[in-house]
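Step one of this worksheet: look at the structure below.
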Amino acid sequence: MKFKGLKRITRVILLIACFWGPNVVSAEVFTVEADGIYLMGDGEDEENQAIAKEWAKVEAIRHAGEQVSAYVESSSEVSQGMLTKDDIKLLSAAILQVKSYDYHPVVEGDEIIYRCHLIATVDTDSMKGMIQNGRLQLEMEDSLRKYQEENERLSKENELLNLRYKLASVAQKMQLGAMKRKNNREFLANKYAKEGCDLQRKQEYQGAIEAYNKSIVLNPNNAIVYSNMGYACLELEQSERAKSLFEKAITLDPNRGEAYSALGIIYFGLGQYKKAISFCEKAIELKGANSGIYLMMGDLYERLGDKEKAREYTQMSYKLMNNEINMAPSN
């Protein structure tokens with residue numbers, strides 16, 4: 158099918174165009190160093206030692222992000238805008254460019270402590286394209302937030318499990334060990350999902366798909382991963398594979414509006430215009446209207462020969478585009 162022509166609509170749905178905010182007067186690059194540690198209990202196997210290094214790395218990244226957040230929060234672009242604390246945290250992670258990780262395991266009695274030392278750089282000029290009219294504009298922002306939230310949840314749960322494990326009896330450690338292994342699988346699944354999201358933002362779609370596949374092996378029930386992987390397949394014009402992924406996402410989460418809009422795109426490409434409209438309508442019902450989906454609806458009705466509805470949706474699309482720009486605060 159002629160799929161390339163649909164990419165314009167896909168990207169309008171994913172990212173609504175906004176004008177850039179004011180430029181930074183001069184770019185600055187600075188270095189950030191941070192440490193993260195992970196304390197293993199006795200009896201941990203070699204596989205979990207590798208996972209321990211990942212936990213230490215996540216903590217190091219979190220500490221580095223906290224340093225960057227302090228800078229971001231004080232910058233004029235942010236202080237004059239409307240970014241929330243969560244926005245600042247997400248932006249800080251996005252502009253942090255890790256250069257190296259250095260691991261130092263230390264044995265203390267029956268315990269192994271993994272320390273990860275991280276060195277990263279931050280280019281303040283990279284914030285320009287991410288803050289537009291006082292608002293955070295990151296591709297796949299919703300997914301990135303959810304991966305970050307899940308990591309924080311898993312980290313807190315892991316800390317509690319480690320504390321309980323350290324104080325537990327032998328019998329209790331067997332049960333807690335099973336809980337830790339489950340937590341570690343979810344942690345690794347989230348790690349690969351985040352890697353896929355980062356690669357997808359860089360338009361490295363095949364690499365993103367490979368990362369998502371690793372995540373699915375560990376956790377086959379994350380609707381976000383199937384949905385994001387579906388969009389990566391769309392970019393590679395693997396429409397049939399994308400279709401099954403979006404259908405799986407909806408099976409796992411019937412309220413994933415973006416999966417419905419994506420299926421609308423696919424059925425548009427297949428020439429099944431009425432079916433495409435039904436999926437678009439469901440997407441609007443779940444997530445509300447945006448200019449991209451109205452633009453597609455206008456095109457669909459045009460192809461069905463309904464000139465009046467085509468004109469109506471196209472006009473609403475342009476109106477929404479103007480509203481989305483005008484609603485943003487001026488700096």
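According to the numbering used here, the sequence shown is numbered sequentially starting from 158.
Glycine residues also receive a C-beta, built at the ideal position from the N, C-alpha and C atoms.
- When the beta-carbon positions are compared, Gly455 and Met473 come within less than 9 Å of each other.
- Contact between the segment 331-347 and the segment 253-270 is absent, with fewer than three C-beta pairs closer than 8 Å.
- When secondary structure is reduced to three states using DSSP, Gln360 falls in the coil class, being assigned neither helix nor strand.
- Remark: C-beta atoms of Arg302 and Asp355 do not approach each other more closely than 9 Å.
- When C-beta atoms of the segment 245-254 are compared with those of the segment 278-296, three or more pairs fall below 8 Å, so the two segments count as touching.
- Spatial neighbours of Lys405 in its own chain (CB-CB distance under 7 Å, excluding positions within 5 residues in sequence) are listed in chain order as Tyr383.
- Under the three-state reduction of DSSP, Gln429 is assigned to coil, being neither helix nor strand.
- Per DSSP, Gln395 lies in no beta strand (DSSP E) segment and is marked neither H nor E.
- Here Arg468 is exposed: its Cβ has fewer than 16 other Cβ atoms, across all protein chains shown, within 10 Å.
- As the crow flies, the alpha-carbon of Gln206 is around 10 Å from that of Tyr195.
- Val374 is classed as exposed because its beta carbon has fewer than 16 other beta carbons within 10 Å across all chains shown.
- For the set Thr471, Glu185 and Ser300, the Cα lying nearest the Cα of Arg358 is the one of Ser300.
- The segment 210-280 is shown to contain whole beta strand (DSSP E) runs of 3 or more residues at 253-265 and 268-280, in chain order.
- Judged by their CB atoms, Met297 and Leu248 are not nearer to each other than the 9 Å cut-off.
- Burial check for Met239: the Cβ neighbour count within 10 Å stays below 16, so the residue is exposed.
- Going by DSSP, Gly193 is part of the beta strand (DSSP E) stretching over Val186 to Met197.
- Of the residues Leu409, Glu352, Tyr388 and Gly428, the one whose Cα lies closest to the Cα of Ala380 is Leu409.
- With contact defined as three or more Cβ pairs closer than 8 Å, the segment 388-397 and the segment 321-337 are not in contact.
- Ala191 is a Cβ neighbour of Leu275, given a cutoff of 9 Å.
- Within a 10 Å sphere around the beta-carbon of Ser226 sit 16 or more other beta-carbons, which makes this residue buried.
- For Leu318, the enclosing alpha helix (DSSP H) starts and ends at Glu298 to Leu324.
- Here DSSP, grouped into helix, strand and coil, assigns Gln294 to coil.
- Following the DSSP letters along the chain, one finds Asp456 inside the alpha helix (DSSP H) bounded by residues Ser448 to Arg460.
- Excluding five sequence positions before and after Cys437, the CB atoms of its chain that fall closer than 7 Å to its own CB belong to Ser418, Gly421, Ile450, Met453 and Met454, given in chain order.
- Cβ-Cβ separation between Tyr388 and Ala368: approximately 14 Å, too far for a contact (criterion under 8 Å).
- Comparing alpha carbon positions, the residue from Gly193, Gly222 and Leu477 closest to Lys210 is Gly193.
- Between the alpha carbons of Pro411 and Ile269 lies a gap of roughly 44 Å.
- Judged by their CB atoms, Cys273 and Glu216 are nearer to each other than the 9 Å cut-off.
- Closest in C-alpha terms to Leu461, from the list Ile407, Lys432 and Lys444, comes Lys432.
- Sixteen is the threshold: since fewer than 16 other Cβ atoms of the shown chains lie within 10 Å of the Cβ of Asn370, the residue is exposed.
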